[in-house]
Amino acid sequence: MILDQERLNLTNKKRTSRLPWRGQFSPELIEYFINDICDSSETIYDPFCGSGTVLFEASITGKTSYGSEINPAAWCLASLSTLSQFPLNKQESIKSELREFFSRTDIDSVILKEISTQKEEYIKLALSSAIILGMKNGKDFNADVLKKGAKILFQTLDESTFFINPAHCYLEDARYNSLPDQTIDAVITSPPYINVFNYHQNYRPAIELLGWKPLDAAKSEIGANRKFRQNRFLTVIQYSIDMGMVLNELVRVTRDKAKIIMVVGRTSNVLGASFENSKIIIELAMYTNQLTLKNQAERVFKNMFGENIIEDILIFEKNSSEKHLIEKQNSINVGLDRLNFALNHVPEKNMILLQDAIKKGHSVMESQQLSISNPIVEFKE
Numbered sequence: 001m002i003l004d005q006e007r008l009n010l011t012n013k014k015r016t017s018r019l020p021w022r023g024q025f026s027p028e029l030i031e032y033f034i035n036d037i038c039d040s041s042e043t044i045y046d047p048f049c050g051s052g053t054v055l056f057e058a059s060i061t062g063k064t065s066y067g068s069e070i071n072p073a074a075w076c077l078a079s080l081s082t083l084s085q086f087p088l089n090k091q092e093s094i095k096s097e098l099r100e101f102f103s104r105t106d107i108d109s110v111i112l113k114e115i116s117t118q119k120e121e122y123i124k125l126a127l128s129s130a131i132i133l134g135m136k137n138g139k140d141f142n143a144d145v146l147k148k149g150a151k152i153l154f155q156t157l158d159e160s161t162f163f164i165n166p167a168h169c170y171l172e173d174a175r176y177n178s179l180p181d182q183t184i185d186a187v188i189t190s191p192p193y194i195n196v197f198n199y200h201q202n203y204r205p206a207i208e209l210l211g212w213k214p215l216d217a218a219k220s221e222i223g224a225n226r227k228f229r230q231n232r233f234l235t236v237i238q239y240s241i242d243m244g245m246v247l248n249e250l251v252r253v254t255r256d257k258a259k260i261i262m263v264v265g266r267t268s269n270v271l272g273a274s275f276e277n278s279k280i281i282i283e284l285a286m287y288t289n290q291l292t293l294k295n296q297a298e299r300v301f302k303n304m305f306g307e308n309i310i311e312d313i314l315i316f317e318k319n320s321s322e323k324h325l326i327e328k329q330n331s332i333n334v335g336l337d338r339l340n341f342a343l344n345h346v347p348e349k350n351m352i353l354l355q356d357a358i359k360k361g362h363s364v365m366e367s368q369q370l371s372i373s374n375p376i377v378e379f380k381e
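Take the sequence shown: its position 192, counted from the start at 1, is 192 in full-length UniProt numbering, and no numbers get skipped.
As C-alpha cells, then:
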C-alpha cells in the first residue's frame, strides 16, 4: 500500500474543520483515509472522536460510524453528527425549531431553561453546542455570543442534506466501549499521547455553565500528566497501560481484516526527555497476535506557531488468529523500556526522578474508568 504524501501533508488543502477543537483531524485527511484505504468498509469507529470529524466524514461518504469520547464539550459537538440518524423531514423539523428559537431577542435569558426543560435530546445537544461554540474559552455569556455560536451550529447542521448513513456518538471511555464484538470494519483515530494537553480545560467555562463537571473526565484522560505532578515520568507507564487496554478493545470490536489507522504525534517531552509515542503503540501491538503493522508513514504540517509538526501514521490489520490479550504486565514492561532508554538523554537534574519512576513502575495503575454525570440525558421533567 503506497500512501500519497501530498494528501497526507494536505499540501493542497481546501477545506477547514467544521467545528473548532484543539488537535482535531482535518476533514480532507479523513476523506482520504475513508475513500482510499477503507473504501470497502461499511462501519467505522473512532475511539477518541473529539469534535466528530470522522463521524461527519463517514456519514457523508455513506459509512455508518461510531465514536467514543470522554470530554463533555467534545462529545456535545461530535453528537451534532447524530442528526444523520433522523429521517429528512425530522431533520428539517429540528432545524426549523432551532432557527425559531435563535430568532428570539431574549435567548441569553431563556436558553439554559430551554435546555433543562426541552424533551428532544437532540435540541438540548444543539443548544448546548451553540453555547460552547459561542463562549469557547471565554466567560462572556450574552445574546451576541450565542448568535455567533448559532451561526457555526447552523453551518454544521446545514450539511445534513449530504448525510447518507447514520453516526452514533457515546460519552464513554475508549478502554471500556459499548460496541458489540466484531462489528467494526475500520478504525480511524488519533489517540492521545504522553504529556497531552489537559483537554478538560477546553471550553471549561461553557461546559460548567451547562451543569457538567469536567474535572470528573480529567481523571480518565489518557496521557495527562496532572495525575503525577510529583513525578511526571510515571505518566509514561500509565500511558502504556491505558493504550494496551485500548488496543485490546479495538481487537475485540473489529472484524477480521479490519484496518486500524492511527495518527500519532511522534514525540512527547517529559521533564526534558523525549518519548516516541508511536514506538510505544507498536511495541504494545506486538503482544497480541491479532494486529499486524501493514504500513507506517509520516505527515508533516505547520502548527499555529509556524513550527513543523511530524505525525506518524500507523496502519494495522486485524488478524483472525486466536485471541491473545495485551496483559497489564506487558504494558508496564513497554513503559519501563522507554524509561530505561531515556536514561541516555534525560537532563542530569531530572535523573533521580527518572530512576525513581523506574523503581515504582510496577505499582502504577491504569487511569480511572470514566464516571461522569450527563445533564443532557439525565434531566427528567
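All residues carry an ideal CB built from backbone N, CA and C; glycine is no exception.
Would you mind giving the Cβ-Cβ distance between Ser59 and Asn165, rounded to the nearest angstrom? I have them listed as a contact below 8 Å.
Translated into positions along the sequence shown, residue 59 becomes position 59. Translated into positions along the sequence shown, residue 165 becomes position 165. Contact holds; Cβ gap of about 6 Å.
Along the chain, where does the alpha helix (DSSP H) containing Gly67 start, and where does it finish?
Taking the first residue of the sequence shown as 1, we reach residue 67 at position 67. Premise fails: Gly67 lies in the beta strand (DSSP E), 64-69, not in any alpha helix (DSSP H).
To the nearest angstrom, how far is the alpha carbon of Leu83 from that of Tyr122?
Here residue 83 refers to the residue found at position 83 of the sequence shown. Here residue 122 refers to the residue found at position 122 of the sequence shown. Spanning the two alpha carbons is a distance of roughly 8 Å.
Uninterrupted beta strand (DSSP E) stretches inside the segment 246-328 (no shorter than 3 residues)
Secondary structure within the segment 246-328: the beta strand (DSSP E) runs of 3 or more consecutive residues, fully enclosed, are 254-265, 267-270, 273-276, 291-302, 308-318 (chain order).
Is it the case that the Cβ atoms of Ser68 and Pro47 are separated by a distance below 7 Å?
Here residue 68 is taken as the residue at index 68 of the sequence shown, counted from 1. Here residue 47 is taken as the residue at index 47 of the sequence shown, counted from 1. Going by C-beta atoms, Ser68 is nearer than 7 Å to Pro47.
Helix, strand or coil for Ile164, going by three-state DSSP, please let me know.
Position 164 of the sequence shown holds residue 164. It is coil, neither helix nor strand.
According to the neighbour-count rule (16 or more other Cβ atoms, all chains shown, within 10 Å of its Cβ), is Ile260 buried or exposed?
Walking along the sequence shown from the start, residue 260 turns up at place 260. Buried is the call here.
Just to confirm the assignment, what range does the beta strand (DSSP E) spanning Asp46 have?
As a working note, residue 46 is residue 46 in the sequence shown. Note, Asp46: beta strand (DSSP E), 43-46.
Quick one: Cα of Gln24 to Cα of Ala357, how far?
In the sequence shown, the residue the question calls residue 24 occupies position 24. In the sequence shown, the residue the question calls residue 357 occupies position 357. Using only the alpha carbons, I get a separation of about 31 Å.
Check whether the segment 294-308 touches the segment 201-208, counting contact only when three or more Cβ pairs, one atom from each stretch, lie closer than 8 Å.
no
Which residues DSSP lists as bridging Ala186, in chain order
Here residue 186 refers to the residue found at position 186 when the sequence shown is read from its first residue. Ile44, Lys259, per the DSSP bridge assignment.
DSSP-derived helix/strand/coil call for Tyr170
Numbered from 1 along the sequence shown, position 170 holds the residue referred to as residue 170. Strand, per DSSP.
Collapsed DSSP secondary structure at Asn202 in the structure displayed:
On the sequence shown, residue 202 is found 202 positions in, with the first residue counted as 1. In this structure, Asn202 counts as coil in the three-state DSSP scheme.
Where Ala217 falls: helix, strand or coil (DSSP)
Looking up residue 217 in the sequence shown gives position 217. DSSP places Ala217 in helix when its eight states are reduced to three.
Do you know how far the Cα of Ile132 is from the Cα of Leu354?
As a first step, residue 354 is located in the sequence shown; it is residue number 354 there, counting from the start. As a first step, residue 132 is located in the sequence shown; it is residue number 132 there, counting from the start. Using only the alpha carbons, I get a separation of about 40 Å.
Candidates Phe228, Thr105, Val253, of which the one nearest Ser367 by Cα
Looking up residue 367 in the sequence shown gives position 367. Of the listed residues, the one whose Cα sits closest to Ser367 is Phe228.
Secondary structure of Cys76, DSSP reduced to three states
In the sequence shown, residue 76 corresponds to position 76, counting from 1. Of the three classes helix, strand and coil, the one that applies to Cys76 here is helix, per DSSP.
From Gln329, Ile376, Thr189, pick the residue whose C-alpha is nearest to that of Glu208; which is it?
Here residue 208 refers to the residue found at position 208 when the sequence shown is read from its first residue. For Glu208, the nearest C-alpha among the options comes from Ile376.
So Pro27 is in the alpha helix (DSSP H); what residue range does that whole segment cover?
Here the question's residue 27 lines up with position 27 in the sequence shown. From DSSP, the alpha helix (DSSP H) with Pro27 extends over 27-32.
Check whether the segment 219-227 touches the segment 144-156, taking contact to mean three or more Cβ pairs, one atom from each stretch, closer than 8 Å.
Because the criterion of three Cβ pairs below 8 Å is not met, the segment 219-227 and the segment 144-156 do not touch.
Quick check: the segment 244-259 against the segment 324-331, are at least 3 beta-carbon pairs closer than 8 Å?
yes
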